[in-house]
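Chemist: Mind looking over this structure? Questions follow.
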């Protein structure tokens with residue numbers, strides 16, 4: 473219970489109980505994210521798509537651009553906290569990387585292929601190898 477300064481016992485209603493805290497906090501957080509977080513324009517992509525992500529790497533004083541090309545396994549979160557996971561095969565080893573959408577080091581995202589999958593999170597793709605690991609391509 474919130475501490476309340478009242479003069480009598482029958483007047484024990486708190487002003488905080490009248491305001492739904494979750495809704496005001498969520499709307500306040502959303503307002504701050506919309507106003508102050510800089511958003512970059514990236515193409516629309518979803519799970520099953522093959523994309524190339526170009527991001528900047530700093531090594532001491534030098535900076536260079538590196539790319540990561542693979543299949544999008546999932547997109548998670550909303551707003552400023554949205555992330556996406558990409559999986560690629562490096563030889564016989566599968567490599568996954570999670571990128572936040574608002575990462576300042578992200579330079580650009582290219583959609584190479586649009587894939588047709590039935591789920592938004594294709595974790596089953598991790599166990600597939602060879603011809604079974606193909607995703608149907610959407611034309612057009």
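Numbering (our numbering), first residue to last: 473 to 612. Just so you know, even glycine gets a beta-carbon here, dropped at the ideal spot from N, CA and C. Bear in mind the structure is a predicted one, so any value in this text is a computation, not a measurement.
Can you find the residues in the same chain that come closer than 8 Å, C-beta to C-beta, to residue 505, ignoring five residues on each side of it along the sequence?
Modeler: 551 and 552
Chemist: Please report how far the alpha carbon of residue 545 lies from the alpha carbon of residue 609, in whole angstroms.
Modeler: 15 Å
Chemist: With H, G and I counted as helix, E and B as strand and the rest as coil, what does DSSP make of residue 522?
Modeler: strand
Chemist: Nearest to residue 521 by alpha carbon, out of 600, 571, 590 and 583?
Modeler: 583
Chemist: Taking one C-beta from the segment 512-521 and one from the segment 583-592 each time, how about it: are there three or more such pairs within less than 8 Å?
Modeler: yes
Chemist: Can you tell me the Cα-Cα spacing of residue 541 and residue 569, whole angstroms?
Modeler: 10 Å
Chemist: For the segment 555-563 and the segment 526-543, state whether three or more C-beta atom pairs, one from each stretch, are separated by less than 8 Å.
Modeler: yes
Chemist: Can you list, in chain order, the residues of its chain whose CB lies under 8 Å from that of residue 581, leaving out five sequence neighbours each side?
Modeler: For residue 581, where only same-chain residues beyond five positions count, the Cβ hits under 8 Å are 514, 515, 517, 523, 524, 525 and 526.
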